Amino acid sequence: MDEQDKACFGEGTVARGDRKQKRKAQHRCRQTTDRCRTRKPNGSVAAQYCGISSPSHRDVTPLIRLKGNSDLYGVTVKMQLTSNSQRQAGLAALLVNLALEGRAGGRSYPGLRERALNQAFAEQLHAPMRQRLLSVDDAGARLYSVAVALRPVFEAPDETTAAKTLNDLMLRYGARPYLVEDVGQPFHLHFHGDGETDVEALAGEFAVSLALLMDTFGTRRFGICHAKECDRAYVDVTRNGSKLYCSEACAARMKMAEYRARSNRNR
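In my numbering, the protein residues as written are 5 to 271.
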C-alpha cells in the first residue's frame with residue numbers, strides 16, 4: 005500500500021468485502037478528493053473505492069500523448085478527431101493499394117478499375133457513404149484518379165516533398181473542417197473536400213488525415229512496405245510506431261527470410 009492509499013485507508017489494509025471498512029474508506033476519500041483524483045490509472049483499490057474507474061487501455065487512442073500531467077482524472081485522452089483521422093488515413097492507403105498495379109506480397113498485382121474498384125472500396129465505408137458512393141456512375145474512374153494523386157505522398161523521399169504534395173492535394177480538393185454527428189457518435193470533425201461527387205469529398209478527407217499524421221509524427225507513420233517484392237502503401241497506428249510492412253503476411257514473409265538467412269550463415 006503506497007502513501008496515497010494510506011491517505012484514503014489509513015495504515016491498515018481494507019478487505020474488499022468488508023462493507024463497514026468500505027464506507028469508512030469512502031468517507032476518508034471524500035476528505036482527500038484531490039489526492040484521490042490525481043492517482044494514476046493503475047487499478048488500485050483506492051481508485052476503486054473512490055468510485056473512479058481506471059480507464060482501460062482500449063479507451064486510449066494509441067497516437068495521443070498529452071503534454072504535461074496526462075494522468076489526471078478528468079482529462080479525456082481519447083480524441084474523436086484523431087481516431088477518425090487514423091481511420092481516414094488507413095482508407096487512403098487502402099484505396100492506393102486497391103487501385104494501382106504493382107507488387108503485393110511478392111506477387112504481381114494488376115490493380116482494380118471502374119466498377120470493381122468502386123465496389124471493393126465502398127465495402128470498407130459506413131453504410132450511408134457506401135450507398136452514396138455506389139450511386140456515382142463514374143466513381144471507379146474518379147477513385148482511381150484520387151489513388152494516383154495520393155500515391156506520391158507514400159513514396160515521398162523526404163518530409164518537404166510529402167508536405168508539398170499534401171498541401172497541393174488539400175488545395176486541389178478544397179478540404180474544409182466541419183462538425184458531423186454520426187449515428188452512435190458525438191459531434192466530431194470531418195474535412196470533406198469540395199467537388200462534384202462524394203469521391204472528391206473523401207479525397208479532401210484523406211489528404212487532411214495524412215497531413216494530421218505528418219503534423220504529429222512526420223512521415224514515419226506512413227510509407228511503402230519494406231518487404232521485398234512488395235510496393236503496397238501502409239499507415240502505422242501502432243503504439244510504438246514500429247510498423248514497416250503493409251500486412252501481417254509481408255511481416256511474416258520477411259521474418260522467415262531473415263531466419264533462413266541466419267540459418268545459412270550458421271552452417
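Yeah, the Cβ is synthetic: ideal placement off N, Cα and C, and Gly gets one too.
These figures come from a predicted structure and were not determined experimentally.
What does DSSP give as the partner residues of Ala-237 in its beta bridges?
In the DSSP output, where bridge partners are listed per residue, Ala-237 has Ile-228.
If you run the structure through DSSP and keep just helix, strand and coil, what is Gly-199?
coil
Contact the stretch 161-180 vs the stretch 205-216: 3+ CB pairs below 8 Å
yes
Give a yes or no on contact between the stretch 189-205 and the stretch 137-157, applying the rule of three or more CB pairs nearer than 8 Å.
With a cut-off of 8 Å, the stretch 137-157 and the stretch 189-205 count as touching, because enough Cβ pairs lie within range.
I'd like the list of long-range same chain contacts for Cys-234, defined as Cβ closer than 7 Å, with 5 residues on each side in sequence excluded.
Arg-107, Ala-108, Gly-109, Gly-110, Cys-250, Cys-254
At which residues does the alpha helix (DSSP H) containing Ser-253 begin and terminate?
Here the sequence assigns Ala to residue 253, which means Ser is not the residue at that position. 252-269 is the span of the alpha helix (DSSP H), which, as asked, contains Ala-253.
Distance between Arg-243 and Arg-155 (C-alpha atoms, nearest Å):
25 Å
Do Phe-4 and Ala-97 have their C-beta atoms closer together than 8 Å?
Here the chain has residues from 5 to 271 only, and residue 4 is not among them.
Going by CA-CA distance only, name the one from Leu-193, Ala-145, Asp-141, Asp-198 that's closest to Gln-90.
Selected option, being the one with the closest Cα: Leu-193.
Give me, in chain order, the residues of the same chain whose beta-carbon lies closer than 6 Å to that of Leu-137; leave out the 5 immediate sequence neighbours on both sides.
Ala-126, Ala-143, Asp-202
Counted within 10 angstroms of its Cβ, other Cβ atoms place Ala-256 as buried (16 or more) or exposed
Result: exposed.
Can you tell me which residues form a DSSP beta bridge with Arg-117?
Its beta-bridge partners do not exist; DSSP assigns none.
Considering only C-alpha positions, which residue in the set Asp-186, Met-218, Gly-178, Val-140 is nearest to Ala-166?
Met-218
For Arg-111, does the three-state DSSP call read helix, strand or coil?
strand
Neighbour flag for Met-133 against chain C, beta carbons, 8 Å
Protein chain content of the structure displayed is limited to a single chain, and chain C is not contained in it.
What residue range is occupied by the uninterrupted alpha helix (DSSP H) comprising Leu-129?
Looking at the DSSP string, Leu-129 is not in any alpha helix (DSSP H), and its letter there is neither H nor E.
May I have a chain-ordered list of the alpha helix (DSSP H) segments no shorter than 4 residues that lie completely inside the stretch 159-199?
163-177
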